[in-house]
Amino acid sequence: LISIPSLVGATLRIPYTFMVPRFGGRNWTIVSALLLLIPTAGLALCVSNPGTPFGVMLLVAGLAGFGGGNFASSMANITFFYPAREKGWALGLNAAGGNLGAAVAQLVVPIAVTVLAAGTVNLPMAGLIWIPLILVAAFGAWKYMNNLTSAKGDVAGSIAALKEPHLWVMAFLYIGTFGSFIGFSGVFPKLIKDYFPAFSSMHLGAVVLSLAFLGPLVGSLARPYGGRMADRMGGARMTVTAFAAMAVITLTMIWTLPLKNFWLFLVLFLFLFTASGFGNGATYRMIPVIFATSSRAALSGAKPAETARLAASSLGLISAIGAYGGFVIPQVLNASSASGSYTPAFYGFVGAYVLMLIVCWACYLRKANRNAMGHI
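Note that the sequence shown ends on residue 816 in my numbering; no numbers are left out.
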């Protein structure tokens, strides 16, 4: 149930990217926003009936993946409204807002099912609270957004981008940064509950809170700073630093788990989220630079407009592939827990971070490649 929304959302990112130029940004935003009424209403109905079959719950969880697809279409729509010099800031704000969604949900839902339900646990409120917000968003799109006739889909550009080896290298690295962020955002509440059940929820009067929202919050806020530091240090250097930090932090967490100290566990995980956020910003910064200087098209003498087109297509594809980390991480942890411990999974993540560090260094920081590619 935890991983299915990420799986569906990652898969929908690809077709959703092409919906804006096909139907118009205003039209598709209205439709895609209203589609979110299905999983939210479905969630409210499912949790109101204790006898709901698991298969139905799985279906509703999959429908929640519509939100992941929405993120991709919103990013595609924004690119048509801003000149090149302003796209980075506009896309960064949109990405930060989208990433903050996990933190907001983990903070608001526990409050909604208690305080907004007159002090009793009313699980249907977990879905019902989003319905008025969805309707407001759809109305706002209808009243204030526009369809641009100049918006064109670039299926050919996406196909060409798939032939670039750098796309697959960057997608692999993005699974490690963004995939870790979205994957751990989904499982962090469960990890707290399994390791420290006494801290899975905290009562402040009638308010029930979970500190799990802090993880995606700090990861989201770190992302733009990762991009800014990448501008100064180089995206590849910053990405290697992020993977090194993620490996060290994860190892430290494994070694300190026997201490059974919740606050140490929380702080280490917040550092892990922060490192993944920095990595998100750094890897995204690398993509346009790589395609402008080192892609097959660039090396064969393609014009800047062509390499920019490939970079734009690659951003959407890499984003979709990276989002599959949100499915992989919960599955790996679940398989590991079947053996009685999450520790093997965490050691596996350490190994993956080290491998990604090596790949990034070998492709973009090794002296021979660095001399050929320049500052990435």
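Beta carbons are placed, not taken as given, at the ideal position from N, Cα and C, and that holds for glycine.
For the 9 Å CB-CB criterion, residue 640 and residue 625 do not form a contact. Taking the Cα of residue 754 as reference, the smallest distance to any Cα among 727, 667, 766 is reached at 727. Sequence-distant partners of residue 503 (beyond 5 residues in either direction) whose C-beta falls short of 7 Å from its own C-beta, in its chain, are 478, 479, 482. For residue 585, the secondary structure class from DSSP, reduced to helix, strand or coil, is coil. The beta carbon of residue 587 sits closer than 7 Å to those of 464, 465, 466, 467, all from its chain and outside the five residues before and after it, given in chain order. Counting C-beta pairs closer than 8 Å gives three or more between the segment 609–618 and the segment 714–734, which meets the contact rule. Shown here, residue 441 sits in coil according to DSSP, grouped into three states, outside any helix or strand.
In its chain, beyond the 5 residues on either side, 443, 444, 446, 447, 450, 623 have a beta carbon closer than 8 Å to the beta carbon of residue 767. A distance below 7 Å between beta-carbons, with the five flanking residues on each side excluded, links residue 655 to the following residues of its chain, in chain order: 624, 625, 628, 709, 710, 713. When DSSP states are grouped into helix, strand and coil, residue 540 belongs to the helix group. Beta bridge pairing from DSSP links residue 642 with 649. With a 10 Å radius around the Cβ and a threshold of 16 neighbouring Cβ atoms, residue 606 comes out buried.
When Cβ pairs closer than 8 Å are counted between the two stretches, the segment 756–763 is seen not to touch the segment 570–581, the count staying below three. Relative to residue 549, the option among 534, 484, 678, 715 whose CA is nearest is 484. Residue 564 sits in coil when the DSSP states are folded into three classes, being neither helix nor strand. In its chain, beyond the 5 residues on either side, 687, 690, 691 have a beta carbon closer than 6 Å to the beta carbon of residue 790. Taking the C-beta atoms as reference points, residue 497 is found nearer than 9 Å to residue 441.
By alpha-carbon distance to residue 521, the top candidate from 460, 573, 509 is 460. Note on geometry: alpha-carbon atoms of residue 566 and residue 543 lie some 14 Å from one another. Taking the C-beta atoms as reference points, residue 679 is found nearer than 9 Å to residue 723. Less than 9 Å separates the beta-carbon of residue 619 from that of residue 765.
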